Amino acid sequence: MLISVTVNGDVFEREVEEHWTLLRFLRDGLGLTGTKEGCGAGECGACTVELDGRTVNSCLALAVEADGASIRTIEGEADQGRLSTIQAAFARHHAVQCGFCTGGMVMSVRDLLQRNPRPTVEEIKEGIEGNFCRCTGYEQIVEAVLDASGQLDAAKGVLRHV
Amino acid sequence: MSDRLRTVGADVPRVETVEKLTGDALYTGDLLLPGMLHAKVKHSPHARARILRIDTARAEALPGVRAVLTGHELDYRIGLYVVDKDILAKDVVRHFGEAVAAVAADTPEIAGEAVGLIEVEYDVLTPVLDPMAAIRDDAPLVHPDLGSYAYVEAAFSPQPGTNIAHRQLVRKGDLDRGFAEAEWIVEREYTNPSVQHVPLETHVVVVQWKAGDQVTIWTSAQSPFTVRNLFCTALRLPLNQVRVVVPHVGGGFGGKAGIHLEPLVACLSRKAGGRPVRLQATREEEFSLLPCRSALTYRIRTGVRSDGTITAQQMTMYWDAGAYADYAVNVTRASAYSSGGPYDIPNAAVDAYAIYTNKPYGTAYRGFGHVEFFWGLERHMELVAQAIGMDSLEFRRRNLLRPGSLTLTGERITEHTGDPRACLDAVAEAIDYGRLTAAEAEHERTTGRKVGKGVATLHKAPAMPSFTATAAVVKMNSDASVVVNIALMEIGQGCDTALAQIVAERLRFPVERVKVAVERDTDKDPYDWQTVASKGLILSGNACLLACDDLLRQAYEVAGQALRANVVDLDHDADRVFVAHRPEESVTFAELSIGYAFPNGNGIGGPLVGVGRYIAQGLTNLDKETGQGLPALDWTYGAHGVVVDVDPETGEFDVLAISSAYDVGRVVNPGLVRGQAIGGMVQGLGTALCEGYIYDQQGRLLNPSFTDNKIPTARDIPARIDSAVVETAQLDGPFGARGVGEHPMISVAPAIGNAIQHATGAELLHMPMRFEDVWRALRSHDPIDNWITETPVGSCRSDLPGGDATVHPADAVAHPGSTHTPEVALP
Ligand code: FES
Ligand code: FES
Numbered sequence: 001m002l003i004s005v006t007v008n009g010d011v012f013e014r015e016v017e018e019h020w021t022l023l024r025f026l027r028d029g030l031g032l033t034g035t036k037e038g039c040g041a042g043e044c045g046a047c048t049v050e051l052d053g054r055t056v057n058s059c060l061a062l063a064v065e066a067d068g069a070s071i072r073t074i075e076g077e078a079d080q081g082r083l084s085t086i087q088a089a090f091a092r093h094h095a096v097q098c099g100f101c102t103g104g105m106v107m108s109v110r111d112l113l114q115r116n117p118r119p120t121v122e123e124i125k126e127g128i129e130g131n132f133c134r135c136t137g138y139e140q141i142v143e144a145v146l147d148a149s150g151q152l153d154a155a156k157g158v159l160r161h162v
Numbered sequence: 001m002s003d004r005l006r007t008v009g010a011d012v013p014r015v016e017t018v019e020k021l022t023g024d025a026l027y028t029g030d031l032l033l034p035g036m037l038h039a040k041v042k043h044s045p046h047a048r049a050r051i052l053r054i055d056t057a058r059a060e061a062l063p064g065v066r067a068v069l070t071g072h073e074l075d076y077r078i079g080l081y082v083v084d085k086d087i088l089a090k091d092v093v094r095h096f097g098e099a100v101a102a103v104a105a106d107t108p109e110i111a112g113e114a115v116g117l118i119e120v121e122y123d124v125l126t127p128v129l130d131p132m133a134a135i136r137d138d139a140p141l142v143h144p145d146l147g148s149y150a151y152v153e154a155a156f157s158p159q160p161g162t163n164i165a166h167r168q169l170v171r172k173g174d175l176d177r178g179f180a181e182a183e184w185i186v187e188r189e190y191t192n193p194s195v196q197h198v199p200l201e202t203h204v205v206v207v208q209w210k211a212g213d214q215v216t217i218w219t220s221a222q223s224p225f226t227v228r229n230l231f232c233t234a235l236r237l238p239l240n241q242v243r244v245v246v247p248h249v250g251g252g253f254g255g256k257a258g259i260h261l262e263p264l265v266a267c268l269s270r271k272a273g274g275r276p277v278r279l280q281a282t283r284e285e286e287f288s289l290l291p292c293r294s295a296l297t298y299r300i301r302t303g304v305r306s307d308g309t310i311t312a313q314q315m316t317m318y319w320d321a322g323a324y325a326d327y328a329v330n331v332t333r334a335s336a337y338s339s340g341g342p343y344d345i346p347n348a349a350v351d352a353y354a355i356y357t358n359k360p361y362g363t364a365y366r367g368f369g370h371v372e373f374f375w376g377l378e379r380h381m382e383l384v385a386q387a388i389g390m391d392s393l394e395f396r397r398r399n400l401l402r403p404g405s406l407t408l409t410g411e412r413i414t415e416h417t418g419d420p421r422a423c424l425d426a427v428a429e430a431i432d433y434g435r436l437t438a439a440e441a442e443h444e445r446t447t448g449r450k451v452g453k454g455v456a457t458l459h460k461a462p463a464m465p466s467f468t469a470t471a472a473v474v475k476m477n478s479d480a481s482v483v484v485n486i487a488l489m490e491i492g493q494g495c496d497t498a499l500a501q502i503v504a505e506r507l508r509f510p511v512e513r514v515k516v517a518v519e520r521d522t523d524k525d526p527y528d529w530q531t532v533a534s535k536g537l538i539l540s541g542n543a544c545l546l547a548c549d550d551l552l553r554q555a556y557e558v559a560g561q562a563l564r565a566n567v568v569d570l571d572h573d574a575d576r577v578f579v580a581h582r583p584e585e586s587v588t589f590a591e592l593s594i595g596y597a598f599p600n601g602n603g604i605g606g607p608l609v610g611v612g613r614y615i616a617q618g619l620t621n622l623d624k625e626t627g628q629g630l631p632a633l634d635w636t637y638g639a640h641g642v643v644v645d646v647d648p649e650t651g652e653f654d655v656l657a658i659s660s661a662y663d664v665g666r667v668v669n670p671g672l673v674r675g676q677a678i679g680g681m682v683q684g685l686g687t688a689l690c691e692g693y694i695y696d697q698q699g700r701l702l703n704p705s706f707t708d709n710k711i712p713t714a715r716d717i718p719a720r721i722d723s724a725v726v727e728t729a730q731l732d733g734p735f736g737a738r739g740v741g742e743h744p745m746i747s748v749a750p751a752i753g754n755a756i757q758h759a760t761g762a763e764l765l766h767m768p769m770r771f772e773d774v775w776r777a778l779r780s781h782d783p784i785d786n787w788i789t790e791t792p793v794g795s796c797r798s799d800l801p802g803g804d805a806t807v808h809p810a811d812a813v814a815h816p817g818s819t820h821t822p823e824v825a826l827p
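Line by line, the protein sequences give chains A and B.
Sequential numbering of the first sequence, starting at 1, is according to this note's numbering.
Sequential numbering of the second sequence, starting at 1, is according to this note's numbering.
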């Protein structure tokens with residue numbers, strides 16, 4: 001089936017198989033491999049993208065459902081090679097280890113901050129609850145989000161020397 | 001000293017973080033090769049069965065199918081330490097989920113359909129599931145041919161005619177005399193189930209087997225050289241015909257050490273005429289086709305005097321290796337010699353067994369056995385202290401290793417080994433151990449919950465061959481920046497950043513001028529044994545230092561000629577080599593980098609390429625009867641302190657705070673250390689609270705998914721997680737540093753168990769600790785000692801509002817010869 005989608009501002013018209021997920025379409029159809037598959041079952045959040053302004057697990061959505069939609073992926077987050085506020089905060093706070101959850105995580109954080117520009121720690125944890133990260137233990141991600149939302153004082157994690 | 005270091009110790013952002021943040025970073029699963037086929041695997045639905053017949057005719061006839069493989073076509077066996085595994089099951093299947101056939105096709109859908117068309121007829125046999133039953137004389141054998149398998153004889157002792165893949169013995173002092181000197185003897189048994197690593201990236205491999213047996217493997221592996229080595233041994237190929245390439249890896253935690261899907265995919269590529277074949281494990285396959293962490297039953301018998309001095313300790317470990325030996329035999333070995341923890345035990349005996357069963361097999365997992373046995377050991381120390389009426393912190397302090405102590409294998413501890421006491425004291429202080437703060441007392445009053453505090457110690461040394469080696473190459477570019485080549489893998493732990501800092505420090509360059517090449521390639525990078533064991537910082541760090549020294553020596557040599565100066569009179573800064581007493585006489589690194597040219601055009605020198613080689617120094621094999629020897633490159637000590645609140649009626653609890661301290665020798669990068677600390681503690685929290693394999697009576701895995709095997713989410717982390725470091729310099733560590741990748745995961749669970757006991761008296765002997773386990777322990781019901789059940793158990797905490805959403809499992813299968821009754825007796 002022929003679909004037309006806008007991804008990160010670019011329009012694509014493509015033939016897709018009807019059973020293809022949006023994730024498969026983004027990765028195999030458009031070569032946007034920053035969106036990852038961690039489970040294929042809607043549980044881990046590694047495949048999170050923005051579809052018409054709302055985050056979805058792209059492993060659960062079908063590509064054909066996205067016909068006419070506007071999609072944003074991690075590849076659209078930096079502007080001409082300049083990291084976004086969220087990305088820069090993630091880099092400063094060691095909020096990335098293996099990086100496999102990172103794309104989806106940043107998409108969820110972006111969605112959170114759009115809805116709630118100064119979230120509390122609890123609200124941040126709730127906002128990224130659907131994104132598994134096996135590496136970081138989330139704490140430095142929470143700190144990065146606090147920093148990205150202008151709450152740096154609350155964001156300072158320290159390593160104590162004894 | 002630290003004020004003289006500029007880059008080591010600084011909170012440098014990770015060097016590879018930008019490409020991971022933009023989605024540019026390429027992982028193995030992102031690769032797309034021309035003509036690439038897609039593979040799928042046919043799994044065994046049974047834990048133990050004879051394969052009577054496999055019919056692949058219908059699969060082969062499906063359009064788009066390019067290769068179908070079954071075990072009988074493959075005359076190869078693989079194994080890390082015991083060579084016991086066929087690439088595809090032949091004649092028998094030994095665990096649920098085992099691969100019995102595989103297909104490569106034009107699309108994943110066609111491959112999947114073809115797998116469905118393969119017919120396998122089984123004669124289902126009663127599986128050997130319980131390791132305690134598997135070591136009885138009359139147990140059916142998982143590997144009747146064990147006696148004919150090749151194995152690494154220097155380190156392992158398989159017992160043919162039994163299900164014992166390895167037996168490790170350690171003997172220290174005089175056990176009988178030690179128990180005779182004891183006033184109390186406390187004996188208990190502690191258990192934990194198998195657990196899955198859950199890297200977010202599942203295992204993924206692309207292989208192309210080209211004409212002339214030239215093989216290229218792209219794989220999500222932790223250890224490219226070990227993949228190449230084991231692959232070539234199994235497939236009988238020369239090493240220089242096989243190239244292993246590893247791009248970014250999406251987490252490993254030990255599950256991507258060793259060799260996994262590579263041989264199968266290679267054989268599919270060969271059968272498909274050399275087209276590249278890709279296989280990405282599904283999340284479900286991650287749980288049962290790929291290996292897990294072994295379950296453990298740990299029995300500890302401790303002799304102690306009333307003043308708290310441990311006089312003797314007998315330790316018996318029953319490791320559930322599963323169907324193949326893989327790393328479980330080495331987990332058994334490493335755990336055995338570490339099994340006493342950071343305690344001075346004058347008289348000790350350890351008997352550790354790796355036992356074959358018909359379950360998915362065990363492999364390395366962060367902590368390499370220590371997460372599992374420290375659960376038992378540090379719960380035991382709590383219960384011993386309780387039995388003799390002593391505060392458990394004081395009891396631990398009294399028995400900690402100190403300079404002059406001998407480890408179980410006879411290694412003498414010195415003041416440089418590290419400071420377990422400082423770690424323990426730091427966490428005790430951080431959680432206000434032994435008292436409730438005013439806020440906590442108020443919390444008890446307002447919630448009706450009981451607040452409890454617990455501590456636990458930990459230690460671990462790298463488990464590795466005595467002659468483990470690595471190399472690093474530092475190459476200078478013509479602008480005086482450098483590129484570092486190593487084969488230690490960046491799998492999220494931050495080694496590329498730490499090594500870049502070490503190189504920058506040694507060269508006196510800003511870290512921005514140091515690049516660690518991302519993709520590892522066995523054809524291009526120098527050898528590294530494996531990315532495991534928390535050994536990377538010391539071994540690769542030292543190799544990098546030596547490579548820098550080699551590069552500087554070359555630069556000085558050329559500079560000496562250019563400046564007409566003796567090398568001994570030279571010095572350098574970030575940009576120039578200069579005459580120390582006449583600094584205006586200088587030559588820049590840029591001028592030296594690829595060969596120096598005199599004004600008349602004459603050239604000298606050549607490209608500056610520093611090579612550093614490092615090998616573990618002074619380690620030995622262990623004596624097979626006594627375990628005596630020197631296995632430890634270094635020991636990293638640490639401790640955790642935990643605050644919980646528990647509902648004394650329902651057993652519901654929350655972890656309110658975790659505090660940690662590790663003696664890291666030297667902090668290379670505080671952000672990285674914190675990342676390892678917090679990430680490890682939260683992974684330890686998953687192991688402590690909710691993760692674990694559940695089988696039915698036929699050995700079928702019941703929870704191979706995130707629905708039924710939860711891992712911690714952001715909402716599961718405690719309100720307070722803090723990390724502290726002690727810096728007792730490691731004499732042979734780079735700038736004094738030692739590894740801390742695995743340690744934060746160790747001893748989170750027993751610290752929680754100890755805190756729950758302090759709050760309520762519940763004596764937990766099995767981890768994970770679910771609410772219903774606490775509820776049972778509060779009523780002195782037997783713990784659920786083996787996760788074999790007929791009913792799936794809801795596992796993670798967030799699923800248990802009020803604890804009523806679970807089904808209590810049927811009584812576990814009996815464990816002959818094991819008892820959970822505490823034996824506390826005056827001899
Ligand atoms: S891959 Fe979509 S939620 Fe896991
Ligand atoms: S950084 Fe590895 S899963 Fe989040």
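Glycine is no exception: its CB is placed at the ideal position from the N, C-alpha and C atoms.
Since the model is a prediction, treat every value here as computed from it, not as a measurement.
Query	Result
Using a cut-off of 7 Å between C-beta atoms, extract the partners of Met681/B located in chain A.	Gly137
For Ala102/B, which beta-bridge partners are listed by DSSP?	Val41/B, Leu69/B
For Thr309/B, name the three-state secondary structure that DSSP assigns.	coil
With a threshold of 16 other CB atoms inside 10 Å of the CB of Arg4/B, please say whether the residue is buried or exposed.	exposed
What residues match up with Val673/B in a beta bridge as DSSP calls it?	Note: Val673/B sits in no beta bridge, so no partner.
Leaving out five residues before and five after Leu152/A in sequence, what residues of the same chain have Cβ atoms less than 8 Å from its Cβ?	Leu146
Look up Asn477/B in the DSSP assignment and say whether it is helix, strand or coil.	coil
Quick one: using the 10 Å Cβ neighbour count with 16 as the cut-off for buried, is Pro34/B buried or exposed?	exposed
So if DSSP puts Gly641/B in a beta bridge, which residue, or which two residues, is it bridged to?	Val455/B, Ser659/B
Scan the region 711-756 of chain B and note each continuous beta strand (DSSP E) run of 3 residues or more that stays entirely inside, going in chain order.	720-726
Whose Cβ in chain B lies nearer than 7 Å to the Cβ of Cys44/A?	Leu200, Phe706
Specify the secondary structure class of Ser70/A as computed by DSSP and reduced to three states.	strand
Can you have a look at Trp20/A and say buried or exposed, based on whether 16 or more other CB atoms are within 10 angstroms of its CB?	buried
For ligand 1, I want to know if Cys133/A counts as a neighbour, meaning its beta carbon is within less than 7 Å of at least one of the ligand's heavy atoms.	no
Hey, is Glu15/A's beta-carbon within less than 8 Å of any beta-carbon in chain B?	no
Please confirm if Cys47/A has its CB atom under 8 Å from at least one CB of chain B.	no
Quick one: Cα of Arg715/B to Cα of Gly308/B, how far?	40 Å
Is it the case that the region 725-742 of chain B contacts the region 654-669 of chain B, given that we only count it when at least three CB pairs across the two stretches are under 8 Å?	yes
Among Ile678/B, Val195/B, Ala312/B, whose alpha-carbon lies nearest the alpha-carbon of Gly303/B?	Ala312/B
Against Lys20/B, what residues of chain A qualify as contacts under a CB-to-CB distance less than 7 Å, listed in chain order?	Val96, Gly99, Thr102
Taking Cβ positions only, does Ile431/B come closer than 8 Å to chain A?	no
Is DSSP giving Leu765/B helix, strand or coil here?	coil
Exposed or buried, Ala49/B, counting other C-beta atoms within 10 Å across all chains shown (16 or more means buried)?	buried
Count Cβ pairs between the region 643-657 of chain B and the region 765-783 of chain B that sit closer than 8 Å; are there 3 or more?	yes
Below 8 Å on the Cβ atoms is my contact criterion, and I expect Ala63/A with Arg24/A to pass it. Report the Cβ-Cβ distance as a whole number of Å.	7 Å
Looking at the unbroken beta strand (DSSP E) that takes in Ser586/B, where does it start and where does it end?	582-588
Look at the alpha carbon of Thr233/B and the alpha carbon of Leu702/B, and state the distance between them as a whole number of angstroms.	35 Å
Cβ of Ala41/A versus every heavy atom of ligand 3: is any distance shorter than 7 Å?	Because ligand 3 does not appear in the structure shown, any question about it cannot be addressed here, the ligands present being ligand 1 and ligand 2.
Taking only three categories from DSSP, how would you classify Ser223/B?	coil
Alpha carbon to alpha carbon, what distance is there between Glu429/B and Gly254/B?	33 Å
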